[in-house]
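Engineer: I have a structure here, written as structure tokens, and I will follow up with some questions on it.
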Amino acid sequence: MRVHFILHETFEVPGAYLKWALARGHHITSTKVYEKEPLPETIDGIDFLIVMGGPQSPDEDRENFPYYDPKAELAFMKEAIAADIYIVGVCLGAQLLSVAYGAKYEHSPEREIGVYPVTLTMQGLTDPHVSLFGETLETGHWHGDMPGLTEDAVVLATSQGCPRQIIRFSPKHYAFQAHLEFGAEIIELLITADGGEQLREQSEKFTFVQTPEELRGNDYSEMNAKLYAFLDSLVN
0 MRVHFILHET
10 FEVPGAYLKW
20 ALARGHHITS
30 TKVYEKEPLP
40 ETIDGIDFLI
50 VMGGPQSPDE
60 DRENFPYYDP
70 KAELAFMKEA
80 IAADIYIVGV
90 CLGAQLLSVA
100 YGAKYEHSPE
110 REIGVYPVTL
120 TMQGLTDPHV
130 SLFGETLETG
140 HWHGDMPGLT
150 EDAVVLATSQ
160 GCPRQIIRFS
170 PKHYAFQAHL
180 EFGAEIIELL
190 ITADGGEQLR
200 EQSEKFTFVQ
210 TPEELRGNDY
220 SEMNAKLYAF
230 LDSLVN
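If you're matching positions, the sequence shown starts at 0 in numbering that gives the first Met the number 0 and goes up one per residue.
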């Protein structure tokens, strides 16, 4: 299988998504947006598109992110939707997927940074792939926005701080606001990018924001294993 990653920042790495693709022997390519790499000219030659996160929103922001072209990414994702290849959007990628489907992304009721449980909805418990997670799952979070919904979108998991953690837009297209790919190395990159002191201040202000020490103390292995199970189920 040919897996293509869209990567928005050096500190928003694919983690367990990439490890899964390598472990399964898939052919891997990527577009590093932060290095101004162009998107592929066509979706042909890609079986699975994984769009990762970043500090951006689906809106254009040339002043702060001159290398980021959401219009181009959305056009590419629409092509992927039309071709009905596998698509997983993560965090910003989840929001972009919702916009590509015609929805409007929204601000999450709560900022979430850390590890907090998500709970599957009735639809999630009957989804052929997400149901593998069980009723609840501890997952990573690092966001202030969330995907929008279309009439046909199905919310599969929620959390106390965000009502749209996992969304199915079609049988092959899933949006993950939650980060099941997190690991110790990613957490260090994110802490460095956001700043330890800033995170401590946010942890005092927001209900669902952990301190750097708490972030480093989390165990990410179970969510990684559950992500592997989801991805194996999705493509097989």
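Using N, Cα and C, we set each Cβ at its ideal position, and we do this for glycine too.
Ends of the alpha helix (DSSP H) at Ile190?
Structural biologist: Residue mapping note: residue 190 aligns to position 191 of the sequence shown, counting from 1. Run containing Ile190: 183-193, per the alpha helix (DSSP H) assignment.
Engineer: When you compare each of Glu111, Glu134, Leu179 to Lys18 by their alpha carbons, which one comes out closest?
Structural biologist: Position 19 of the sequence shown, counted from the first residue, corresponds to residue 18. The option with the nearest alpha carbon to Lys18 is Leu179.
Engineer: For Trp141, write down the residues that DSSP places opposite it in a beta bridge.
Structural biologist: Within the sequence shown, residue 141 is the residue found at index 142, counting from 1. Bridge partners of Trp141: Ile112.
Engineer: Could you check the C-alpha separation between Phe75 and Thr41 for me, to the nearest Å?
Structural biologist: Working through the sequence shown from its first residue, we reach residue 75 at position 76. Working through the sequence shown from its first residue, we reach residue 41 at position 42. Each residue's Cα considered, the two are about 8 Å apart.
Engineer: I'd like the span of the beta strand (DSSP E) that includes Arg1, first residue to last.
Structural biologist: Walking along the sequence shown from the start, residue 1 turns up at place 2. It spans 1-6 - the beta strand (DSSP E) in which Arg1 sits, taken as one unbroken run.
Engineer: Quick one: residues in its chain with C-beta nearer than 6 Å to the C-beta of Val223, no 5 flanking neighbours on either side, listed in chain order?
Structural biologist: The residue labelled residue 223 in the question sits at position 224 within the sequence shown. In the sequence as presented, Val is not what sits at residue 223; that position holds Asn. Ala15, listed in sequence order.
Engineer: So the beta strand (DSSP E) Leu48 belongs to, where does it begin and stop?
Structural biologist: What you label residue 48 is simply residue 49 of the sequence shown in a count that begins at 1. Run containing Leu48: 47-50, per the beta strand (DSSP E) assignment.
Engineer: On the premise that Asp46 lies in contact with Arg1, defined as a C-beta separation below 8 Å, what is that separation, rounded to the nearest angstrom?
Structural biologist: Residue 1 sits at position 2 when you count from the first residue of the sequence shown. Residue 46 sits at position 47 when you count from the first residue of the sequence shown. The Cβ separation is near 5 Å, so the contact holds.
Engineer: Taking the alpha-carbon positions, what's the Asn63 to Ala99 distance?
Structural biologist: Within the sequence shown, residue 63 is the residue found at index 64, counting from 1. Within the sequence shown, residue 99 is the residue found at index 100, counting from 1. Roughly 22 Å separates the two Cα atoms.
Engineer: I need the DSSP call for Ala74, collapsed to helix, strand or coil.
Structural biologist: Within the sequence shown, residue 74 is the residue found at index 75, counting from 1. Of the three classes helix, strand and coil, the one that applies to Ala74 here is helix, per DSSP.
Engineer: Applying the criterion that 16 or more other CB atoms from any shown protein chain within 10 Å of the CB defines a buried residue, is Ser169 buried or exposed?
Structural biologist: Here residue 169 is taken as the residue at index 170 of the sequence shown, counted from 1. Flag for Ser169 reads exposed.
Engineer: Could you pull out every residue in the same chain whose Cβ sits closer than 8 Å to the Cβ of Glu134, ignoring the five residues on either side in sequence?
Structural biologist: Position 135 of the sequence shown holds residue 134. So the qualifying residues of the chain are Thr118, Leu119, Leu124.
Engineer: Grouping DSSP H, G and I as helix and E and B as strand, with all else coil, what is Gly123?
Structural biologist: Indexing the sequence shown from 1 puts residue 123 at position 124. Helix.
Engineer: So, at 8 Å on beta carbons, what are the nonlocal neighbours of Pro127 in its own chain, with the 5 sequence-adjacent residues on each side left out?
Structural biologist: By one-based count along the sequence shown, residue 127 stands at place 128. Around Pro127: Ser232.
Engineer: By a C-beta neighbour count over all protein chains shown, 10 Å radius and 16 as the cutoff for buried, is Arg163 buried or exposed?
Structural biologist: Counted from its first residue, the sequence shown places residue 163 at position 164. With 16 or more Cβ atoms within 10 Å of its Cβ, Arg163 is classed as buried.
Engineer: If the criterion is Cβ atoms closer than 7 Å, does the pair Ile166 and Trp141 meet it?
Structural biologist: Against the sequence shown, residue 166 aligns to sequence position 167. Against the sequence shown, residue 141 aligns to sequence position 142. No, the pair does not count as a contact, with Cβ atoms beyond the cut-off.
Engineer: What is the DSSP secondary structure of Leu148, reduced to helix, strand or coil?
Structural biologist: Here the question's residue 148 lines up with position 149 in the sequence shown. Coil.
Engineer: Looking only at C-alpha atoms, which of Thr9, Thr30, Phe4 sits nearest to Ile186?
Structural biologist: Taking the sequence shown and counting its residues from 1, one reaches residue 186 at position 187. The option with the nearest alpha carbon to Ile186 is Thr9.
Engineer: Measuring CB to CB, does Gln55 end up less than 7 Å from Leu91?
Structural biologist: To locate residue 55, count along the sequence shown from 1; it is residue 56. To locate residue 91, count along the sequence shown from 1; it is residue 92. Taking 7 Å as the Cβ cut-off, Gln55 and Leu91 qualify as a contacting pair.
Engineer: May I ask you to report which of helix, strand or coil DSSP gives Glu40?
Structural biologist: The residue labelled residue 40 in the question sits at position 41 within the sequence shown. It is coil, neither helix nor strand.
Engineer: Is the distance from the Cβ of Ala236 to the Cβ of Leu96 below 7 Å?
Structural biologist: Because the chain spans 0 through 235 in this model, residue 236 falls outside it and cannot be assessed.
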